[in-house]
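**Q** In the numbering used here, the protein residues as written are -16 to 960.
There's a structure below that I have some questions on.
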């Protein structure tokens, strides 16, 4: 009979129970079973607890078979029973909509069953609160149930120990002596009871500490007074630093020197290079509790989510921590002034290393006095503990964390990292969950946890973007020159192993430049190359670059452990950022001598620039260009070498040659994002993928879930309608215009004057009947420019301007807020005045700055017009390679290839995002006009969100469509009156 092994979480982590009833686990090699009766009875102690259980390899255990009729506490073993009935009610700040209750029920069930859920809830339906209340309700119930199970198990264990003390060992029918069987069973009972007591004690201490932090005002006052005293002491220390003597030459730039690289052995448990990062004080380390990781795209979306949690009924009972980068969370002004994220990271890590070395020196024998190294005053154990407890006791967003850090005189970056293990809800950006290296660096552990990915409509593209990499010829030449000068300057202070790996990196960079048709050591702007694009597999690219003999995995490990990219970045910014000019050899200025070679290279890059006077704005641009020029691109080079370690079938290299080496580029294109998402899906207990528009779900599942090894039985789907009544939305498909011109905005037809004029007439008619704001989306910036120029020449634009003031999406992202503000003010003025203008017309672009994340609610977006279908450029080499990959690896369905489905999906995802800018709450109303006959195809209509799809009407002629539009807004006008 086959047996399975079940593992029972942290409480029973040292015990394995074999039982045919358990559904999960792995098979166990065992001695012949000699139990009597049908009920199996086997308990095994792992090698950590008892030497009688011997580990054979990573998958098998040789165990002692216990031949009792019933092993201790057997009826309490096994996975926790599922909450089949779910929850009848969910805590909510107000009376939830029906669709919100359905959303929370489906979410609760998905989490409880450990599945992968795809949840679609349109913007304006309270998706964030539904996620919060549904997920935290499950977490609360799950923790309470675990507590009850552990308590019952503890009582049963204590009772079993009490009754078994005076009993004699039972007769055994197995090959083991009775005393061995009795010893193993009693030891299992004792260890289990002590383990449960220890877990219970830890839990109570954690709860009591949080309760004290939340309620004990006197403690907070004492801690605040202590931080003020520390602040004064720090200021006195800073004053004393001003009298420090000059650092001896042999200790100068020590923070820029790579530490000794000791070994290539992958199994080495710890390297000296990572001591500063990994060596945490024992008293700060805590065990990870069951938690929910919530991630979204931007910090503003994360801040909005935190504010929603603060408004929820769970705000006083949940432990939440918000994660960010050092650049976002650092409060040390000396470090913040460094500006660039690379220098901030490098300086922070150097200070941690100094702190560690200081502790070692203090514990050891007395040493000769040396100049003091900088140690961050905000990274003290007591201060970090205090801030960690404050974070766990009260919900904070990023801004509140910075304020709290200054008050407690402790580092928000390290305090938030310390708060991850005991936190119940962790809020963090996409990168920290989806990128493995970033995940490990942040201390994020996904094993057995829940991950919620919000705004996931572009999840596949996000994964591809995170794991893709691109380098230009100019970046490669800069990286080679900078690393060469770094090695030359510090060659006497670098160990042989470091110099060997630096030579490998330089050799690899030379190979990449060679692929582009250039040479290192020369001005990339003056090196001519051929023009064209070439697509290569990873293996073919390595052979062409002649770097196939380099072990990229060892090189990747060296990059990570040595932190050479950060060291080089600090070196370049320290010496090149001052703008020191090239000096003659007779000048013995030490600072100039250091940077002579670096500045000579920078000057060669600037030789061809004009010396004529420039305007102040041009000067500002040149300053920014110089900052980019002097920054080290080694971090990008590191990312590119890491990308080359992907499987040969999962990626392609695109070599773009643009005529000059500086403009040419090499790009790694990830074709299979599922390979990096598979680990997240495998480790997590449950994964929730949520968004306002997740259609088309079938293709999403095929590309990202099935390819990652997730079975159909583990996937659940939930899609809800909108909270608005059906009469508040009017989606129309226009197949022809007012003059009868068929609307076919294919690439061949859309530039014809007839098509452009017809589009102008449609907009003119719409502006005559639609009050407030009209937002018109074009398929591309180039087509937007051409059609607006045509309207301006033909007088269409002036006719539109008589009814609506015209605005255009700005080219600069910094101007978006200004344009939106003026657009909003214009509509508000027109609503109050009874003049000629009835509102404003905004020309935007699908996939542009205003197609995502912008709120056109109420009068700002009474009508959204979509001109044509925004198909991607089918001639793009990257897109063609992606289509070819999908056609080869995914099954065909619906009479179309996966590549064709990809094109259609990319188009309709962009359409759904754009038209979703309107209708933002229950009382809102709007019309959606899709101008292209191709929207009437059933396959295309099926990719619209369900709540829009069900209400869409298709019109072959313009007259009835215009009548329906006019009637819609007349009814709304009468309703408001």
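All residues carry an ideal CB built from backbone N, CA and C; glycine is no exception.
Everything numeric in this text was worked out from a predicted model, so none of it was measured.
#1: Under 8 angstroms by Cβ, that's how I've got residue 623 and residue 454 pegged, so tell me the actual separation to the nearest angstrom.
#2: Which residue spans inside the stretch 771 to 837 form an unbroken alpha helix (DSSP H) run of at least 4?
#3: So is residue 386 buried or exposed if we call it buried at 16+ other beta carbons inside 10 Å?
#4: From the DSSP secondary-structure annotation, give me the bridge partner or partners of residue 650.
#5: What residues match up with residue 700 in a beta bridge as DSSP calls it?
#6: Using the C-alpha atoms, what's the distance from residue 475 back to residue 232?
#7: At the level of alpha carbons, what is the spacing between residue 952 and residue 753?
#8: Pull up the DSSP beta-bridge partners for residue 757, would you.
#9: Measuring alpha carbon to alpha carbon, tell me which of 787, 118 and 415 ends up nearest residue 292.
#10: Taking the alpha helix (DSSP H) that residue 743 falls in, what are its first and last residues?
#11: Please say whether residue 927 and residue 715 have beta carbons closer to each other than 8 angstroms?
#12: At which residues does the alpha helix (DSSP H) containing residue 630 begin and terminate?
#13: Closer than 7 angstroms by C-beta to residue 706: which residues in its own chain qualify, once you throw out the five before and the five after it? Chain order, please.
#14: Just to confirm the assignment, what range does the beta strand (DSSP E) spanning residue 890 have?
#15: With distances taken between CB atoms, is the gap from residue 447 to residue 653 smaller than 8 angstroms?
#16: Checking the sheet assignment: what are the DSSP bridge partners for residue 725?
#17: Assuming residue 396 and residue 466 are in contact, meaning their beta carbons sit under 8 angstroms apart, how far apart are those beta carbons, in whole angstroms?
#18: Confirm, please, whether the CB-CB distance from residue 303 to residue 408 is below 8 angstroms.
#19: Can you round the beta-carbon distance between residue 649 and residue 658 to whole angstroms, since I take them to be within the 8 angstroms contact cut?
#20: Per DSSP, which one or two residues make a beta bridge with residue 408?
#21: Alpha carbon to alpha carbon, how far is residue 704 from residue 87?
#22: Mind the definition here: the stretch 797 to 816 touches the stretch 740 to 760 only if three or more C-beta pairs lie below 8 angstroms; say whether that holds.
#23: Using 10 angstroms around the beta-carbon of residue 730, count the other beta-carbons present and answer buried if the total reaches 16, otherwise exposed.
#24: Could you name the residues of the same chain whose beta carbon sits closer than 6 angstroms to that of residue 399, not counting the 5 residues immediately before and after it, in chain order?
#25: So which of 642, 183, 389 and 523 has the shortest CA-CA distance to residue 316?
#26: Please look up how many angstroms separate the CB atoms of residue 552 and residue 617, rounded, as I've assumed it's under 8 angstroms.
#27: What are the complete beta strand (DSSP E) segments, minimum 3 residues, inside the stretch 509 to 546?
#28: The beta strand (DSSP E) with residue 673 in it runs from where to where?
#29: Can the beta-carbon of residue 840 be found less than 8 angstroms from the beta-carbon of residue 907?
#30: Identify every residue that forms a DSSP beta bridge with residue 331.
#31: If you draw a straight line from the alpha carbon of residue 763 to that of residue 788, how long is it in whole angstroms?
#32: Any idea which residues DSSP pairs residue 909 with across the strands?
#33: To the nearest angstrom, how far is it from the Cα of residue 765 to the Cα of residue 736?
#34: How long is the line joining the alpha carbons of residue 430 and residue 421, rounded to whole angstroms?
#35: Check whether the Cβ of residue 116 sits closer than 7 angstroms to any heavy atom of the ligand SAH, and report yes or no.
#36: Classify residue 184 as buried or exposed, calling it buried when 16 or more other Cβ atoms lie within 10 Å of its own Cβ.
**A** This is what the structure holds:
#1: Locating residue 623 in the chain shown gives position 640, where the first residue counts as 1. Locating residue 454 in the chain shown gives position 471, where the first residue counts as 1. At roughly 5 angstroms, the Cβ-Cβ gap stays under 8 angstroms, so residue 623 and residue 454 are in contact.
#2: Here the runs fully enclosed are 779 to 786 and 799 to 815.
#3: Locating residue 386 in the chain shown gives position 403, counting from the first residue. The residue is exposed, with fewer than 16 neighbouring Cβ atoms inside 10 Å.
#4: Sequence index remark: in the chain shown, residue 650 carries index 667 (1-based). Per DSSP, 453 and 637.
#5: By one-based count along the chain shown, residue 700 stands at place 717. Answer by DSSP bridge pairing, in chain order: 101.
#6: The residue given as residue 232 occupies position 249 in the chain shown. The residue given as residue 475 occupies position 492 in the chain shown. Note that residue 232 scores 46 on pLDDT, short of 50, meaning its location in the model is unreliable; the coordinates nonetheless yield the value given after this. A straight-line Cα-Cα distance of about 13 angstroms links residue 232 and residue 475.
#7: As a working note, residue 952 is residue 969 in the chain shown. As a working note, residue 753 is residue 770 in the chain shown. If I take the Cα positions, the gap works out to 7 angstroms.
#8: One-based indexing of the chain shown puts residue 757 at position 774. Residue 757 is bridged to 824 and 846.
#9: Taking the chain shown and counting its residues from 1, the one referred to as residue 292 is at position 309. It is 118.
#10: If you number the chain shown from 1, residue 743 lands on position 760. Element bounds for residue 743: 736 to 752.
#11: On the chain shown, residue 715 is found 732 positions in, with the first residue counted as 1. On the chain shown, residue 927 is found 944 positions in, with the first residue counted as 1. Not in contact: residue 715 and residue 927 (Cβ atoms no closer than 8 angstroms).
#12: Here residue 630 refers to the residue found at position 647 when the chain shown is read from its first residue. Residue 630 -> no alpha helix (DSSP H), and no H or E assigned at all.
#13: As a first step, residue 706 is located in the chain shown; it is residue number 723 there, counting from the start. Taken in chain order, the residues that qualify are 80, 82, 107, 108 and 905.
#14: Taking the first residue of the chain shown as position 1, residue 890 is located at position 907. Here residue 890 belongs to no beta strand (DSSP E); instead the alpha helix (DSSP H) covers 881 to 898.
#15: Taking the first residue of the chain shown as 1, we reach residue 447 at position 464. Taking the first residue of the chain shown as 1, we reach residue 653 at position 670. Yes, these two residues count as a Cβ contact at 8 angstroms.
#16: On the chain shown, residue 725 is found 742 positions in, with the first residue counted as 1. Bridge partners of residue 725: 719.
#17: Residue 396 sits at position 413 when you count from the first residue of the chain shown. Residue 466 sits at position 483 when you count from the first residue of the chain shown. Contact doesn't hold; Cβ gap of about 28 angstroms is too wide.
#18: Reading the chain shown from its first residue, position 425 is the one you call residue 408. Reading the chain shown from its first residue, position 320 is the one you call residue 303. Going by C-beta atoms, residue 408 is nearer than 8 angstroms to residue 303.
#19: Position 666 of the chain shown, counted from the first residue, corresponds to residue 649. Position 675 of the chain shown, counted from the first residue, corresponds to residue 658. 21 angstroms between Cβ atoms; not a contact.
#20: Locating residue 408 in the chain shown gives position 425, counting from the first residue. 275 and 303, per the DSSP bridge assignment.
#21: To locate residue 704, count along the chain shown from 1; it is residue 721. To locate residue 87, count along the chain shown from 1; it is residue 104. One C-alpha to the other measures close to 14 angstroms.
#22: yes
#23: Along the chain shown, one-based indexing puts residue 730 at 747. Per the 10 Å Cβ criterion, exposed.
#24: Counted from its first residue, the chain shown places residue 399 at position 416. Same-chain partners within the cutoff: 304 and 306.
#25: Working through the chain shown from its first residue, we reach residue 316 at position 333. Closest by alpha carbon: 389.
#26: The residue given as residue 552 occupies position 569 in the chain shown. The residue given as residue 617 occupies position 634 in the chain shown. About 7 angstroms; that satisfies the 8 angstroms criterion.
#27: If only uninterrupted beta strand (DSSP E) runs of at least 3 residues are considered, those enclosed by the stretch 509 to 546 are 511 to 520.
#28: The residue labelled residue 673 in the question sits at position 690 within the chain shown. Note, residue 673: beta strand (DSSP E), 669 to 674.
#29: As a working mapping, residue 840 is identified with position 857 in the chain shown. As a working mapping, residue 907 is identified with position 924 in the chain shown. With contacts defined as CB atoms closer than 8 angstroms, residue 840 and residue 907 qualify as a contacting pair.
#30: Here residue 331 refers to the residue found at position 348 of the chain shown. None, per the DSSP bridge assignment.
#31: Counted from its first residue, the chain shown places residue 763 at position 780. Counted from its first residue, the chain shown places residue 788 at position 805. If I take the Cα positions, the gap works out to 22 angstroms.
#32: The sequence position of residue 909 within the chain shown is 926, counting from 1. Note: residue 909 sits in a beta bridge opposite 712.
#33: Mapped onto the chain shown, residue 765 falls at position 782. Mapped onto the chain shown, residue 736 falls at position 753. Straight-line Cα distance between these residues: approximately 16 angstroms.
#34: For the purposes of this step, residue 430 is identified with residue 447 of the chain shown, where counting begins at 1. For the purposes of this step, residue 421 is identified with residue 438 of the chain shown, where counting begins at 1. Going from the Cα of residue 430 to the Cα of residue 421 covers about 16 angstroms.
#35: Ligands in the displayed structure: none, and consequently the ligand SAH is not present.
#36: Stepping through the chain shown from its first residue, residue 184 is reached at position 201. With fewer than 16 other Cβ atoms within 10 Å, it is exposed.
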